[in-house]
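Report on one structure; see the data block that follows.
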Amino acid sequence: MSRTQLATCVMTYTTGTQPVLGSVRVSSNTASFSYKMSTPDHNTNATERASTSEEKADEIVDKRGKTNSVVWKWFAYLSSDKLQVSERCKMFRRVVPTSSGNTSNLFHHLKQFHPIEYSESQKMRHYKGLSQPVSEISPGPTSPSPAVSKEKPMQQTRIAAFMPQDKQSKRYKDITKAVTNFLTKDMMPFSTVENVGFRKTMSVIDPRYDLPGLKYFSRTAIPTLYGEVRERVQEQLKSRSYFATTADLWSSRTSEPYLSLTVHFIDQDWKLVSLCLQTVYFPEDHTGEAIAAGLTDALASWGLSEERQVCITTDSRTNIIKAAELNRWRRLQCFGHRLNSAIEKVHQDKRVDRAVGVCKKGGGCLLILLEEETGPCSCSGGVSLATAQAHQ
Numbered sequence: 430m431s432r433t434q435l436a437t438c439v440m441t442y443t444t445g446t447q448p449v450l451g452s453v454r455v456s457s458n459t460a461s462f463s464y465k466m467s468t469p470d471h472n473t474n475a476t477e478r479a480s481t482s483e484e485k486a487d488e489i490v491d492k493r494g495k496t497n498s499v500v501w502k503w504f505a506y507l508s509s510d511k512l513q514v515s516e517r518c519k520m521f522r523r524v525v526p527t528s529s530g531n532t533s534n535l536f537h538h539l540k541q542f543h544p545i546e547y548s549e550s551q552k553m554r555h556y557k558g559l560s561q562p563v564s565e566i567s568p569g570p571t572s573p574s575p576a577v578s579k580e581k582p583m584q585q586t587r588i589a590a591f592m593p594q595d596k597q598s599k600r601y602k603d604i605t606k607a608v609t610n611f612l613t614k615d616m617m618p619f620s621t622v623e624n625v626g627f628r629k630t631m632s633v634i635d636p637r638y639d640l641p642g643l644k645y646f647s648r649t650a651i652p653t654l655y656g657e658v659r660e661r662v663q664e665q666l667k668s669r670s671y672f673a674t675t676a677d678l679w680s681s682r683t684s685e686p687y688l689s690l691t692v693h694f695i696d697q698d699w700k701l702v703s704l705c706l707q708t709v710y711f712p713e714d715h716t717g718e719a720i721a722a723g724l725t726d727a728l729a730s731w732g733l734s735e736e737r738q739v740c741i742t743t744d745s746r747t748n749i750i751k752a753a754e755l756n757r758w759r760r761l762q763c764f765g766h767r768l769n770s771a772i773e774k775v776h777q778d779k780r781v782d783r784a785v786g787v788c789k790k791g792g793g794c795l796l797i798l799l800e801e802e803t804g805p806c807s808c809s810g811g812v813s814l815a816t817a818q819a820h821q
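Each position in the sequence shown, counted from 1, maps to that position plus 429 in this note's numbering.
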């Protein structure tokens, strides 16, 4: 070692169980030896050793009673802690202060010091159906409560909140019935429930609702709804002394023939009520006899007596007129149908057809009307109706 060289060494001096660090300075000129040592606070160390010895003497015991949180897998109490007020980490055996009934600090401790265990706790909460209590979702640790109070019931949300609803539950049945009413009331095709947009809408309304398929609505839901509505309508009809009906034969866009029967009556509040009793596929020949039999069967299926029928309203086609005559029912002609027939016949008149053609030209129609009312018009565009007809 050189004359002026300073050597600093770190020595470990053991006193009891506590290590002590020291520095040695050596000078070759004076051959002196100086030693500077950091000594611990022996009173503090003695207290800590005594506390550690007591903790080691106590056993770690789990939390008493029902535990709703997975965090208690990593936390417990000393057996000497009869009231179980000091939660301890099983790995550190260190107290983790918490407030009564609150486990947020425990999760925070796992996240900060035991990331592997924290990750495992999150998986357990997800897969075992246990969720973090409302009190656990605070962003940081909470201060410990100075007093011991009764444990508050923890609010929790189970994984069942994200599972499909029970098909026997009231909520599931109510939503399914609402979809059924939508299909029938708005006359929507059954395929609506298979559309991507509609299914997306339902998933946003209630993510837990599992929308049934097309076959369920066509074979189960709508027939069931029809049965319920039919019972209510029959109850209404039983209390009516008299009623009137409307019958119509019509064809769909695919040329499929149908026969519709609608009943009309005045209710107890003096309001006109109209109910379509049926629209049935009618492939038979549209003869008067076939129509008469179809209408009679329709009334019988609803328990309606022909004697209580005031009249039936139909169009002016000969086959349905004959059907009413065969059943000996009083018949009224449909005003809308008669008006439409009159307009069609008017169009068959060539004079009216020519006049309509002039009006469709647009430019002189207003001038023609003014000329008829006030005399010849000085405008160059004015053409009299008589002149226009003469040139046709």
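All C-beta atoms in this analysis are idealised placements derived from N, C-alpha and C, irrespective of residue type, glycine included. Only a predicted model underlies this, so the values are computations on that prediction, with no experimental measurement involved.
Proximity to residue i [Cα-Cα], best of the options
i	options	result
residue 700	669, 685, 679 and 678	669
residue 665	621, 514, 770 and 731	731
residue 742	711, 762 and 536	762
residue 659	695, 673, 604 and 705	705
residue 843	677, 514 and 594	A question about residue 843 goes unanswered here, because the residues of the chain that appear run from 430 up to 821.
residue 693	737, 500, 744 and 554	737
residue 657	610, 637, 681 and 618	610
residue 655	606, 618, 509 and 595	606
residue 604	744, 712 and 628	628
residue 531	549, 501, 717 and 765	501
residue 720	661, 750 and 773	750
residue 759	617, 788, 674 and 733	674
residue 489	769, 504, 496 and 711	504
residue 707	663, 612, 496 and 552	663
residue 646	602, 684 and 633	602
residue 644	618, 746 and 684	618
residue 685	661, 695, 667 and 712	712
residue 634	744, 552 and 600	600
residue 596	615, 624, 641 and 630	641
residue 733	667, 789, 783 and 784	667
Supposed contact pair residue j and residue i - C-beta distance, whole angstroms, cut 8 Å
i	j	result
residue 709	residue 687	7 Å
residue 671	residue 608	Incorrect: roughly 38 Å between the Cβ atoms, too far for contact.
residue 725	residue 748	Between residue 748 and residue 725 the Cβ distance is about 15 Å, and since that is not below 8 Å, they are no contact.
residue 697	residue 639	In fact, because the Cβ distance is near 43 Å, the residues do not count as touching under 8 Å.
residue 507	residue 487	4 Å
residue 520	residue 543	6 Å
residue 621	residue 651	Actually they do not touch by this definition, with Cβ atoms about 12 Å apart.
residue 717	residue 676	Not quite, the Cβ-Cβ distance comes to about 12 Å (not below 8 Å), so this is no contact.
residue 829	residue 592	The structure shown does not extend to residue 829, since the chain is modelled only from 430 to 821, so the question has no answer here.
residue 781	residue 775	6 Å
residue 744	residue 715	About 12 Å; that fails the 8 Å criterion.
Neighbour-count burial assignment, residue i, 16 or more Cβ in a 10 Å radius
i	result
residue 690	buried
residue 499	buried
residue 517	buried
residue 679	exposed
residue 729	exposed
residue 494	exposed
residue 535	buried
residue 539	buried
residue 598	exposed
residue 626	exposed
residue 723	buried
residue 771	exposed
residue 632	exposed
residue 768	exposed
residue 548	exposed
residue 509	exposed
residue 550	buried
residue 512	exposed
residue 681	exposed
residue 533	buried
Any non-hydrogen atom of the ligand SAM closer than 7 Å to residue i Cβ
i	result
residue 608	For the ligand SAM, the structure offers nothing, since it holds no ligand at all.
Inset, instruction - List in chain order: all unbroken alpha helix (DSSP H) runs of 4+ residues lying wholly within the segment 690 to 766. - result: Along the segment 690 to 766, the alpha helix (DSSP H) occurs as fully enclosed runs of 4 or more residues at 717 to 730 and 747 to 756, listed in sequence order.
Inset, instruction - Return the chain-ordered ranges of every beta strand (DSSP E) run that is complete within the segment 619 to 688 and spans a minimum of 3 residues. - result: Segments of the beta strand (DSSP E) lying fully in the segment 619 to 688: 672 to 680.
Inset, instruction - Please go through the segment 489 to 522 and give each complete beta strand (DSSP E) segment of 3 or more residues, from N-terminal end onward. - result: Taken in chain order, the whole beta strand (DSSP E) runs of length 3 or more contained in the segment 489 to 522 are 504 to 507.
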